[in-house]
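Below: the structure, in structure tokens.
And the structure:
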């Protein structure tokens, strides 16, 4: 019974979605706050830019849902908090979900909730914590008809660093995406693969569960748009980008460019004309 809410996430014409993630402040990493220091201003900018959804935490979601009128992005609510992004890392590592997250999401009129499925080398207990969270959230999500977006993240140790970064190895991404499908995801938010031509394998692993592709760290505009076009051509149902939007010098322009690619199949060159200057 999650379909009614998903109908508010996906564009009726294209069948795709663009969700802007601005839930980074929950993860206790200073570098994640760049571009979102003033959350009220950030949310107002995104509402004006008009993506399909904005991903927020329970503490910041009211900034979006207090905006009057029907013509605003849907809310995707972040339901967990982890300390796996810090550099240097803390110990012990953890991933904790909000116990009443689904009821909160219903009260906030969210279109979906998002929860991590983390796979860190040498830290299997973190994935266990994520699986327990997913199973607990799944029970309430089914009860209340709330779509559950699972975010499978394969991580690797950064060379010369104490922290973790994304591992885009195709086999590893496919395996974790398949586990997200097995756990009952209504949506899957997955990283791009290092070889972007492999992305059809990720789509295959997800079956009929829609895949929204994660943005990750900042890249130049052309690379971002070309990658977006490539994953859509292989069957992705949309994108979830954060830093590539909120840290851009023209957030409204890059949003318009990405919306054109996602919903109108615009060429990369045409989309670039919608951005006010290079990133």
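Numbering (the working numbering), first residue to last: 844 to 1122. All C-beta atoms in this analysis are idealised placements derived from N, C-alpha and C, irrespective of residue type, glycine included.
Here DSSP, grouped into helix, strand and coil, assigns residue 995 to strand. The shortest CA-to-CA distance from residue 1031 to any of 976, 992, 1065, 981 is the one to 992. The criterion of a C-beta distance shorter than 8 Å is satisfied by residue 977 and residue 958. Counted as a single uninterrupted DSSP element, the alpha helix (DSSP H) harbouring residue 1106 occupies residues 1094 to 1107. Check the Cα spacing between residue 965 and each of 985, 943, 934, 944: the tightest is with 934. Measuring C-alpha to C-alpha distances from residue 1039 to each of 1012, 1084, 1080, 873 identifies 1012 as the nearest. Contact check for residue 899 and residue 941: beta-carbon distance about 13 Å, past the 8 Å limit, so the pair fails to qualify.
Around the beta carbon of residue 910, a 10 Å sphere encloses fewer than 16 other beta carbons of the protein chains shown; the residue is thus reported as exposed. The Cβ atoms of residue 854 and residue 891 do not sit closer than 8 Å to each other. Restricted to the region 1002 to 1086, the beta strand (DSSP E) segments that are unbroken, complete and at least 3 residues in length are 1007 to 1009, 1030 to 1033, 1054 to 1057, 1081 to 1084, listed in chain order. Rounded to whole angstroms, the gap between the alpha carbons of residue 1044 and residue 975 is 27 Å.
By alpha-carbon distance to residue 1115, the top candidate from 1009, 1068, 1085 is 1068.
About 13 Å separates the beta carbon of residue 969 from that of residue 995, a gap too long to meet the 8 Å contact definition.
Taking the Cα of residue 906 as reference, the smallest distance to any Cα among 922, 882, 928 is reached at 882. Note on the region 856 to 923: whole alpha helix (DSSP H) runs with a minimum of 4 residues are 882 to 892, 904 to 908, in chain order.
Where residue 960 is concerned, the enclosing beta strand (DSSP E) starts and stops at 955 to 962.
About 5 Å separates the Cβ atoms of residue 879 and residue 885, confirming a contact at the 8 Å cut-off. Contact between residue 858 and residue 1080 holds: their C-beta atoms lie close to 7 Å from each other, under 8 Å. Just measuring C-alpha positions, the residue of 1048, 870, 951 sitting nearest residue 920 is 951. Contact between residue 990 and residue 955 holds: CB atoms are separated by about 4 Å, below the 8 Å threshold. Rounded to whole angstroms, the Cβ separation of residue 961 and residue 1009 is 11 Å, and the two are not in contact under 8 Å.
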